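Peer 1: If you scroll down you'll find the structure; I have some questions about it.
There are 2 protein chains.
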Amino acid sequence: MVDIATRVYNHRWKLDPIVRSLIDTDFYKLLMCQTVRRNRPDTNVTFSLINRTSSIRLADLVDEGELREQLDHIRTLSLSRGESTWMRGNTFYGKRQMFTPEFMDWFEGLRLPPYHLERREGQYELTFEGKWPEVMLWEIPALAVLMELRARAVLGKMKKFELQVLYARAMTKLWEKVEFLRPLDGLRIADFGTRRRHSFLWQDWCVQAMREGLGDRFVGTSNCLIAKNRDLEAIGTNAHELPMVYAALAETDEELARAPYKVLADWHEEHDGNLRIILPDTFGTEGFLRHAPEWLAGWTGIRVDSGQPEAAAEAAIEWWKAHGEDPRDKMIIFSDGLDVARISELHRRFAGRVRTSFGWGTLLTNDFRGLTPDDALAPFSLVCKAVSAEGKPTVKLSDNPRKAMGPREEIARYQRVFDVGEQTEIDVLV
Amino acid sequence: MVDIATRVYNHRWKLDPIVRSLIDTDFYKLLMCQTVRRNRPDTNVTFSLINRTSSIRLADLVDEGELREQLDHIRTLSLSRGESTWMRGNTFYGKRQMFTPEFMDWFEGLRLPPYHLERREGQYELTFEGKWPEVMLWEIPALAVLMELRARAVLGKMKKFELQVLYARAMTKLWEKVEFLRPLDGLRIADFGTRRRHSFLWQDWCVQAMREGLGDRFVGTSNCLIAKNRDLEAIGTNAHELPMVYAALAETDEELARAPYKVLADWHEEHDGNLRIILPDTFGTEGFLRHAPEWLAGWTGIRVDSGQPEAAAEAAIEWWKAHGEDPRDKMIIFSDGLDVARISELHRRFAGRVRTSFGWGTLLTNDFRGLTPDDALAPFSLVCKAVSAEGKPTVKLSDNPRKAMGPREEIARYQRVFDVGEQTEIDVLV
């Protein structure tokens, strides 16, 4: 039986929207948005799309008209009643009313601000300017739109069974990863793959497959819409944009040196328990830990998002021990370019020494490598970052020099201020 | 949108039927049925199910009540108007009115005769007795029902995503075969997989995938219902049951020796062109060719269905040459236990020497080997054969002693009468 009404509804579509909701975004964006509104609501920032894989000429692959349609569609979105009810009524990280009524009133009235789009040398220059709490919410949907439009451009040329086999292969590939992870006792793993997903539908499939295949080893998803629809935990804490913007706003080197700790002091006032996770690598993990205030050692854990994860985790364990903390009470969240072999190694290495958890991103929701003859669906390294605050450039160093960003002289200043020593270059896959 | 009507219709199902139509059968069954009605309409025969893979205990796996429901359902089927129109109006092998009006009148009124079912030592004894033209039509649906019920017993224990991944893996596996075959210039391949298919829906998928993936290298399907629904050629000629029953009816050794040629003489009166395909292995290919009448060398081709296919094909080529025929005008159809590596080898070996064609069966429509942990969906060797005619046992020797069937003393007599020499044993996979 053909469902005629559905078919008719579908063939009237002007647009098959990629982002269908304001909460089709990462949970930590909403947490950070609330913090920013509390502490720096009037800061003017610019976010910009940066394609670190320059061989992928996005402006040649993705039609500008389609891109504008998708971005314009996102600007029409507002929070639905059901979404608002979920945010107001749900328990996040064991806490009721994570989002204050004041924040929710504001968020219910929000529409995303305008964007600026230009083509240059085969790439799109896509920037967002305005108040930090609004502009920051563009990051995830902008990335998801670009990733999925690029995929659609490739998929549009494929035949019916070829398409079905493509997804059959992708499902098979993901399921083999699930089967690889299943024997790992005590594994805790979450989906962090919204920003670079192949598509919304595919992320939704991956999340459900993980839940069936891994049971309670799968602890949730960073995607709020999927968490809501599939009755899962929404997962996430905070990101580099907080120290990057705080640092850019610093007036002196001394203030700059204190900026990353100021971010966490503000966070400390708002959150406790498993939300007290340090992200130490923005300006180098080593210097960050060496100069960290005593009270930070009392936090629950550390997220490792660049560099050599074993080295960073060992450094964290030593740091806790030096401050009289028992690492077995602490948590390390690995979230940088993970795939199953790496997850398994890290899980085994640190078992019994520290609690571990994994935020699995691109290679969960977009591992289409090897599935088309010319690898036209392989994921690539697209980011959308705060590039300036109140007209001053931001800087990120990270624990891998290849991920560093910002003007050269500012990078040099930050390296000096944050006491960054020798760093190892590591290839950036995704 | 949920199509409520479809959902409601589905959850009322008492039975999800496996065989949905009297033409969900092999084309050659219908051709042979017409021949039998013309030449031996009143012969009483018994067909019986034989599970050559005794390790698969069908009666432990498949519920007897479900089996009876499926078989009873088949007895309720009659030819629909659309099916009748297709058989009467379609062109088969380039010929209009392949089925005579007299045959069609009879077929339109047909219901399949009763079956006899008993359990014995973990197996089902399933037999069909009655007039040959009716009983013979049980073979394919009976096999398809047993194969699919066994699969459903395994599938019934699987979870939702596990099921989806199972089919994803099966699709991936089939598509890899399609991609392997695609570069073979001049390949001609057909689906012969109805009898041992995983399921009807899966066979239908495989056929469509072959059509998209192989284009005109895919020449059609033996399944009449799928040929009709998908607008493909229906493919097939004749099978062992004809010489087996003719031979069983022979009164003397001399008559027995002539029986296989009598079958083809009857066929010769009805069919020409690509339907004049010799199936020489029922009582051994070597003796068959040595004693064959001159006029048979004028036929279009030979089907190789047991033994060493290269040896049989080389023997056929030599035989044609010895009779002044140019093998390049002839066709050899390979149809025994094929998979892609074998198809490719045979295609390359005989390219330019003889026209080749491939009837691909079980490993097209049921290659679920390796797709479940305990291989519970691997195909197995189930047949449904004429075991007696007018109370006298039938015999099949074939070119592989492991496929021989019949009473021991009768096999010995047939070996003597048909001048069968040394034979090589070959494992029977499917």
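Chains as they are written, first to last, in our numbering: chain A, 1 to 430; chain B, 1 to 430. Idealized CB from N, CA, C, for every residue including glycine. Quantities reported herein were computed from a predicted structural model and do not represent experimental measurements.
1) Give the C-beta separation of A/Ala-386 and A/Glu-251 to the nearest angstrom, bearing in mind that I take them to be a contact with Cβ-Cβ under 8 Å.
2) Express the C-alpha separation of A/Asp-336 and A/Ser-306 in angstroms, rounding to a whole number.
3) Check each candidate in A/Pro-133, A/Gln-34 and A/Gln-123 and name the one with the smallest Cα separation from A/Arg-57.
4) Is A/Gly-193 buried or exposed, if buried means 16 or more other CB atoms sit within 10 Å of its CB?
5) Is the distance from the Cβ of A/Ala-313 to the Cβ of A/Ile-332 below 9 Å?
6) For A/Met-1 and chain B, any beta-carbon pair shorter than 9 Å?
7) According to the Cβ coordinates, are A/Arg-196 and A/Pro-379 closer than 9 Å?
8) Hey, quick one: how far does the alpha helix (DSSP H) through B/Glu-83 stretch, first residue to last?
9) Got a sec? Which residues, its chain only, sit under 6 Å from A/Ser-398 by beta carbon, not counting five neighbours each side?
10) Quick check on B/Gly-65: does DSSP put it in helix, strand or coil?
11) Please list the partners that B/Ala-5 has in chain A, where partner means a Cβ-to-Cβ separation under 9 Å.
12) Report all residues from its chain with a CB closer than 7 Å to the CB of B/Leu-431; omit the five preceding and five following residues, and keep chain order.
13) Going by C-alpha to C-alpha distance, which of B/Gly-359, B/Lys-160 and B/Tyr-115 sits closest to B/Glu-69?
14) Between A/Gly-65, A/Ile-226, A/Leu-377 and A/Asn-229, which lies nearest to A/Gly-156 when the distance is taken from Cα to Cα?
15) DSSP puts A/Val-45 in a beta bridge; with which residues?
16) If contacts are defined as beta-carbon pairs under 8 Å, then A/Phe-128 and A/Thr-46 qualify, I think. What distance do you get, rounded to the angstrom?
17) Examine chain B for any beta-carbon lying closer than 9 Å to the beta-carbon of A/Gln-164, and answer yes or no.
18) Whose Cβ in chain A lies nearer than 7 Å to the Cβ of B/Gly-213?
19) Output, in chain order, the set of chain B residues within a Cβ distance shorter than 7 Å of A/Met-171.
20) With distances taken from CA atoms, which of A/Thr-91, A/Leu-256, A/Asn-238 and A/Asp-339 is nearest A/Leu-275?
21) Please state the DSSP three-state secondary structure of B/Met-405.
22) Quick one, which residues of the region 194-214 of chain B are near chain A if we go by CB-CB under 8 Å, in chain order?
23) Could you tell me whether the Cβ of A/Trp-175 comes closer than 9 Å to any Cβ of chain B?
24) Okay, do the region 161-178 of chain A and the region 160-170 of chain B touch, 3+ Cβ pairs below 8 Å being the bar?
25) Quick one: measure Cβ to Cβ for A/Leu-214 and A/Arg-182, integer angstroms, because I've assumed they're closer than 8 Å.
26) Is it the case that the region 282-290 of chain B contacts the region 408-420 of chain B, given that we only count it when at least three CB pairs across the two stretches are under 8 Å?
27) How many angstroms separate the CA atom of A/Ala-142 from the CA atom of B/Ile-226?
28) Decide yes or no for the touch test of the region 9-21 of chain B against the region 9-26 of chain A: beta carbon pairs closer than 8 Å, at least 3 of them.
29) My understanding is that B/Trp-86 touches B/Arg-37, with C-beta atoms under 8 Å, so please give their C-beta distance in whole angstroms.
30) Between the Cα of A/Val-245 and the Cα atoms of A/Ser-357, A/Pro-41, A/Lys-160 and A/Arg-211, which residue gives the shortest distance?
31) Assign B/Thr-252 to one of three DSSP states: helix, strand, or coil.
32) Where does A/Arg-119 sit, in a helix, a strand or coil, going by DSSP?
33) If you pair each beta-carbon of the region 311-326 of chain A with each one of the region 262-275 of chain A, do three or more pairs fall below 8 Å?
34) Pull up the CB-CB distance for A/Pro-401 and A/Glu-425, whole angstroms please, since I reckon it's below 8 Å.
35) Residues in the same chain with beta-carbon distance under 8 Å from A/Cys-178, minus the five sequence neighbours each way, listed in chain order, please.
36) Count the other CB atoms within 10 Å of the CB of B/Lys-2; is the residue buried (16 or more) or exposed (fewer)?
Peer 2: For this structure:
1) Not confirmed; about 18 Å, so no contact.
2) 6 Å
3) A/Gln-123
4) buried
5) yes
6) Chain B contact via Cβ: present.
7) yes
8) 81-89
9) Asp-281 and Ser-306
10) Helix.
11) Those within 9 Å of B/Ala-5 in chain A are Met-1 and Asp-3.
12) Here chain B has residues from 1 to 430 only, and residue 431 of chain B is not among them.
13) B/Tyr-115
14) A/Leu-377
15) A/Gly-130 and A/Ala-389
16) Correct: roughly 7 Å between the Cβ atoms.
17) Look at A/Gln-164: its C-beta is under 9 Å from a C-beta on chain B.
18) Phe-161
19) Gln-164, Val-165 and Ala-168
20) A/Asn-238
21) In the structure shown, B/Met-405 sits in a strand (DSSP, three-state: E or B).
22) The residues in question are Gln-208, Ala-209, Glu-212 and Gly-213.
23) yes
24) yes
25) 6 Å
26) In this structure the region 408-420 of chain B touches the region 282-290 of chain B; the number of beta carbon pairs closer than 8 Å is three or more.
27) 46 Å
28) Too few Cβ pairs lie closer than 8 Å, so no.
29) Incorrect: roughly 20 Å between the Cβ atoms, too far for contact.
30) A/Pro-41
31) coil
32) strand
33) no
34) At roughly 5 Å, the Cβ-Cβ gap stays under 8 Å, so A/Pro-401 and A/Glu-425 are in contact.
35) Inspection of the sequence shows that residue 178 of chain A is occupied by Val rather than by Cys. Excluding sequence neighbours, A/Val-178 sits near Ala-209, Met-210, Gly-213 and Leu-214.
36) Checking the sequence, you will find Val at residue 2 of chain B rather than Lys. Answer is exposed; the Cβ neighbour count stays below 16.
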